[in-house]
Every structure is written in C-alpha cells, then in structure tokens.
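Presented below is the structure to which this report refers.
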Amino acid sequence: MRIRSLTVVWALFALLSISTGRAWAQAVCPDEEALSQMLINERAAVISEVAPPAPGTVLHPVQRIPRDHFGLVGNPPLTASDLGALVYPNADSSERASLLEGLTFFTAEQTAATGRGGPSNQPNCLGCHTNSGEAVSGLVDTVSPASRAARSSPTNFEFTGQGRAADDNDAIGNTGRTAAFTIFGDTCARSAGDPPCQGPAPINPGAFDALARAGLFGTVQHTRPSLISCPADPIPSFSIDSNLAGLDPADGWMNDWRASSGFRRTVAERAAPPYIGRGLIEAVPNADILALADPNDDQGEQVGVNATNPNPFGDATPRMGRFGLRAQGPQLVVFIAVGGQEEVGATSLVRPAENDFSTATARPECFDGRPEPDICLSTVVSTRSLIRMVAPPEFGDTLSQLLQLPDPSAPQRPNSRAEIVQRGAKLFGVVLVAFANRMVPGRFPEGGDGRNPHAINDDPSSTRCASCHTPVQRTGTSPANVGARHLSNVWAPMFADLLLHDMPVVNAERIAPTPRNPLSVLRLGSNSFDLSRNFGEDALPNQGIAQAAEFRTTPLMGLGVIGAPFLHDGRVYLSTDTARTAPASTVTANRRSANLPLVVRTADDALLAATELHDLPAPRPGCPVPPAGSDGLVRVGDVVYGTVEQATDDICPPLDSPRRGESRESIRRFRNLTRADQRAVIEFMKEL
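If you count the sequence shown from 1, you need to add 23 to reach my numbering.
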C-alpha cells in the first residue's frame, strides 16, 4: 500500500481571527488575551511537529501510576485529592494546581445556567467516560478521564434515530444503552473520476456532506438537550434530505442505497477512549511514526500511513494527525474545544458558536441565552493539561516481576502464571528483554542493547500483533506548557504505531443507511446479541484522509485495568448491568475448530472477542449468517445481504479477500494457535 500524503483537513476554527479585546471576555476571563497569544504562538511554532531526541540524549522509562490505585477516585466532580490516581506520581503542587480548573470542567455537571446546550449529548465531559461505573470485578470501578465510553447493549437506531437518547438497556423494544455518540450525513458514493454528486452544492466522489443546514442539523446527533424547550435531534428522513430525493426506503437496497444524485446516507457511532497517555502520544516524533509504515506491504499487513487533518488554526500547511479514532487531529486542543462544544454545548473563543450556529432561525429555542463564549480559554488550556498529564498505570504483578528478572525470557515453571504471561508476550510479538530494558529504570545498557527499539520480535511463531500495536515508542521534547518534564525523552509502553489501517468490511452493512439492528441469537444455551463484524462506513471522511474502514491503531495503555467496551464504537461490551441477561456474542476460531460460539461474560471473553473482530469470521461451516426470510433473502432491518449464499460470501469471504483488512495475517496466526496459547496472549494483554 502506498504511503498517503500527510494531509490535515480540519479547518474547524481559526484562532488567528480571535478578538482578544472584548470587554465581556476580559471581565469574565482575565487571562483570555495572554492565552490567545499562547495558542497563536503554538501555531507559529508548529507544536504538532515533534523532532526526535538529539543524538546522545539519555532516555528513561516513563513514570507509571501504581496499579493498585490507578483510576480509583471519588464521586464527581473530582477534586485535587483525586489527582494522585490519575497523573504522574512526581507531578509537583504547581503542576497539579494548573489541572484543577480542567478537572472541574471535565467532571462537574453543566447546566443551561453555566452554558450547557441547547443540543448536546452529555451533561459533562465525564458523561462519555463512564464504563468503569459498571465494570466487572477486577477492573477500575470509579469513573474519571481514564475511563472509556460505557455500553451495556447494542444501539437500536429505530428508536435513537428519532432523537431518543440511548439510555435503556432494552435493545429490542427500546433504544439500547450506550454513551457512544452518533454521527450522520451523506456520502457521494460515486467512484473516483465520476462526476460530482449534485446536492445543494456539488460534492466530489468519496466526499461527505455533513448536512449542517436548516432542518437537517448534521453531523452529530444530539439526543440529551439541556433546555426543556429544545427537542432532540432526529436523523433526517430521506424525504426532507434533497440529496436523497426519490430514494425509497422500502427498496433502496436494490440500488445499493444510492439516490439518483449519487448520494448515500451513512450513520455511525463513536465511543470515547480512555484518556491515558495522551501527552505521550503528542510527543512521539513524527519521523518515528512515518518509519513504522509498511508502504510496500512487505510484512503482509498492508500498512499505509494516513496522517490527517488543515490544521485547526487556519494554517494551510499539511500536518500529521495522531489524535482521534481516525487520526484526524494534529493537536489535543482540537478535541478539547470541539468536544466540549459538540458534546456538552460549551463554547469558547476557540469554538465560539453554539451547535446550531448554521440553523439559528430554525431552532431559536435551542440557544441558552448566555453571551458566548460559555467557558474561558483558561478552562480549555487547563483541560488540555489534564488530558496530557493522565499517566499510564504500572503493569500487572506478573509482568512487572518478569521485567525485574535478570533475563525476563528465561524459562519459567510450565503453566505457572509467569510462564503463561511470558508465552503470551512472545506470541503477541514482544521481546521481553528489550521491553524490560526500556521499562525498568536504570536497566538500559550504556552502549545500547542492540535489540529492536520498539521491542518487537521477529519470531515466526508470533502472531505479529506487535507489528501494529507497537510495544514501545520513544518521545522527543513535549510541547506541553505544563508537565513537559514527565513527557519528554521517555520510553512509553504505547502498544500502538499511531497509523491508520484497513479493518474488515461487510459490504451489505457498509452501504446500509443505518447500522444493523440489534440481532438476538442463541449461543451457548442463552440469548445474546450478535456483534457486527463490519467496520466499513463513510462517516466524516472530510475530517481527514481516513476512508471507509480505516482506523488508527488504538493504544493499549491501561487495557487490563479499564476493560471493555472495546473498538471504535464500543461494540464489544461487558457491563455488570447485562453480562448475564443480554451479553454480546460472536464466533471465534482456534487451531482445532472454526466459528465456535463466544459469549462475552468475562474480561477474558471481551478481549478475545475484540481480537477476533480484527478479521471477518473463518470461511468454514458455522459462518454467523442471520436467518433468511420467507422471500429467501437475509436481512436485518435496512441491511440486506441477499441470498444465504451471498450473505455467507459477504460475512465469511475467502481468506485472501481484501475485505478482511490489514489484520488478516495476524488473525490467521492467532486462529492457528491452540486455545491455551490464545489464552496466554489474553493473559499478557490483561497485564497492560
């Protein structure tokens, strides 16, 4: 695969246009002018361009929070006493004090009186980070910025599409329950070289119309408005969307859901990740990320670097993106300001307009009546510092003990916990000696260790999961204005190459106008919800160059303490609310058997399911095809797979099918392991 151009295509706001002389802003926010200038200076310095450490620079292992109290905080809103469970252990009192304004904003409920809404998705930032509140035993059970978006059942878009918040565990007769948010719009489904799609404005093939105009209210669906007078956002019907004129929902599938204009509706979900180690991600040298690309597909993973998103400050120079599920953001400030505005309705000078700025005359009842902005730049900057300073946890006891050994790869007692984790690390693709040298203080030899700098092994028996989930990344000089000393010139256990990769695609699900309806199936003697294996969707391609099924490798820092739900939309869920009554399920394979039932009731099951979903199911008997209807067609809601034979080929294609994505070789190796060896890989991941 070719290395794609480094394009940054997000011009959501232009900081240079900020007026720093507004009397009301200065009265409420006395630091506004200085902070505006700081952000302008950051743009001039191009802080998203990080250089490698200078020759001779001594690197050190990044500090990690003791595992036994990582993420264990009090009830929200969080206070200074909670920072010890979240930030770097040697952060001083001045650094911690600079985080408090952001910590309060992130965790305190906002109201209309404080500027929340009209349309929004959560009462506070923490609303998208609550999975820990329903975590199974053994995981962190208090919510904080280190938590991820919660889910306890699939989303039923027949209900949420009408504007109802996904707040009910019943996914058949109601909405389902999740903190993932919905994005929607229309994609020009024509091929490159074809004429543009003709809507209110011509749209080139592959581009996305966010529907941000009167009556349509794209591109984020807001379902929890803070103002009683402000109705929730429905996903606009075909009949009021001029792009889709003439498209009949009853038989749209017969034309691949494309209107005569060339447009196709696309709807998708995004689940907020845990904010662990984001300051480290920001400080990885650009050259190091590029060096991990495999443009010639020499390793069988088809890796292509997709660095994305015109920089948020109106700078037309392309920048590398490293933040976001599709790597669409070059800087953290993008996600702080835009996330606050989109999800909570909190405006700032960086994003000063309410959500419905383009539809003010259509929805005057959705404005809170306060002068904009709702929050000061000091809040944006403090929240950014907080996110930068959330540190990774220490490894699990077994891995920590192995790393302290003179030779972490030395044979351990067969089937002991140490041997299982050691074996799992090797099968994952980690050189434990190299990993220990970079994770244990004082261990790295003065003259170097001559081992792979990322601690990746080339053992032919490994699954090569580490070829994408890169175990170790180094950092250069952090651009952070607070806490840079903790983030600069360190080795970080990132377990991510920060590149975009193609994930599996089920064509019928990719082109459908809404994600598949919840599908209840009988597995292992109980009812469960079948997990969609499709990652292909065209929502928001204009934010970056990521298209279709391309997603950035997810860092695995803290994986073993934060737990499920996993993947970009949180589809692999495990909640104490539903683990026994309505669990997720799929099929899995190992050396002896293919397409075995897997019901997600434990943390181990969730990790196995998330691993399995990196590829489509094995092309053997047991392919999880939904039952056909009386007309002989397999369909689930708007998703029409065709005949049983067509559905089988779509869901379980041949092993060499490109629709299996870039992980197919790693998953082929994983499925060729014994069940015991697969479990060893899972046990290793639980130590992260």
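Note that CB positions come from ideal geometry on N, CA and C, so glycine has one too.
Being a predicted model, the structure only gives us computed values, none of them experimental.
In terms of residue numbering, what span does the alpha helix (DSSP H) encompassing residue i cover?
i: residue 125; result: 123-130
i: residue 671; result: 667-674
i: residue 362; result: 355-362
i: residue 690; result: 687-694
i: residue 708; result: 698-709
i: residue 309; result: 309-314
i: residue 304; result: 301-305
i: residue 51; result: 46-51
Over the uninterrupted beta strand (DSSP E) stretch that includes residue i, give me the two end residues.
i: residue 550; result: 549-553
i: residue 410; result: Premise fails: residue 410 lies in the alpha helix (DSSP H), 400-412, not in any beta strand (DSSP E).
i: residue 292; result: 286-293
i: residue 513; result: 513-515
Among all the DSSP beta bridges, which residues are the ones paired with residue i?
i: residue 608; result: 553 and 622
i: residue 651; result: 657
i: residue 221; result: 225
i: residue 662; result: 659
i: residue 211; result: 286
i: residue 231; result: 210
i: residue 191; result: 199
i: residue 243; result: 206
i: residue 346; result: 352
i: residue 416; result: 88
Can you list, in chain order, the residues of its chain whose CB lies under 7 Å from that of residue i, leaving out five sequence neighbours each side?
i: residue 667; result: 648, 651 and 657
i: residue 633; result: 589, 590 and 595
i: residue 58; result: 400, 401 and 404
i: residue 226; result: 211, 219, 220 and 232
i: residue 544; result: 551, 553 and 608
i: residue 416; result: 87, 88, 90, 93, 581 and 584
i: residue 270; result: 261 and 282
i: residue 103; result: 119 and 123
Might you give, ordered along the chain, the residues of its own chain that have their beta carbon closer than 6 Å to the beta carbon of residue i, omitting 5 neighbours on each side?
i: residue 94; result: 108, 163, 167 and 169
i: residue 572; result: 525, 526, 528, 558 and 559
i: residue 423; result: none
i: residue 488; result: 451, 452 and 689
i: residue 630; result: 705 and 708
i: residue 208; result: 231, 232, 233, 234, 241 and 242
i: residue 280; result: 287, 534 and 536
i: residue 364; result: 370 and 374
i: residue 702; result: none
i: residue 698; result: 613
i: residue 447; result: 703, 704, 706 and 707
i: residue 48; result: The pLDDT assigned to residue 48 is 36, lower than 50, so where the model puts this residue is not dependable, and the model offers no usable value.
i: residue 686; result: 637 and 638
i: residue 257; result: 185 and 186
i: residue 435; result: 441, 442 and 445
i: residue 407; result: 355, 356 and 359
i: residue 298; result: 168, 410 and 413
i: residue 119; result: 106
i: residue 455; result: 431, 432 and 448
Using a Cβ-Cβ cut-off of 8 Å (strictly less than) and excluding sequence neighbours within five positions of residue i, which residues of its own chain qualify?
i: residue 696; result: 450, 486, 613, 614 and 704
i: residue 105; result: 96, 97, 126 and 167
i: residue 195; result: 179, 541 and 543
i: residue 198; result: 178, 179, 182, 183, 187, 188, 189, 190 and 191
i: residue 603; result: 624
message: Measuring CB atoms only, is the segment 366-373 touching the segment 388-406, in the sense that at least three cross pairs come out at less than 8 Å?
response: yes
task: Give a yes or no on contact between the segment 179-199 and the segment 240-253, applying the rule of three or more CB pairs nearer than 8 Å.
output: yes
task: Determine contact between the segment 72-86 and the segment 508-524, defined as no fewer than three beta-carbon pairs at a distance below 8 Å.
output: yes
message: What ranges does the alpha helix (DSSP H) occupy inside the segment 418-445, keeping only unbroken runs of at least 4 residues that lie completely in it?
response: 420-427
- prompt: Considering only residues of the segment 524-602, which uninterrupted alpha helix (DSSP H) runs meet the minimum length of 4 residues and lie entirely inside it, listed in chain order?
  reply: 530-534 and 582-585
message: Quick check on the DSSP output: what are the complete alpha helix (DSSP H) runs of length 4 or more inside the segment 119-189, in order along the chain?
response: 123-130 and 180-183
The segment 573-587 touching the segment 129-141, judged by at least three CB pairs closer than 8 Å: no
task: At 4 residues or longer, and completely inside the segment 58-114: list those alpha helix (DSSP H) runs for me, N to C.
output: none
task: Would you mind listing the beta strand (DSSP E) stretches within the segment 445-529 that are 3+ residues and don't spill past its ends, in chain order?
output: 513-515 and 523-525
task: Count the CB pairs spanning the segment 152-159 and the segment 255-269 that are closer than 8 Å, and state whether there are at least three.
output: no
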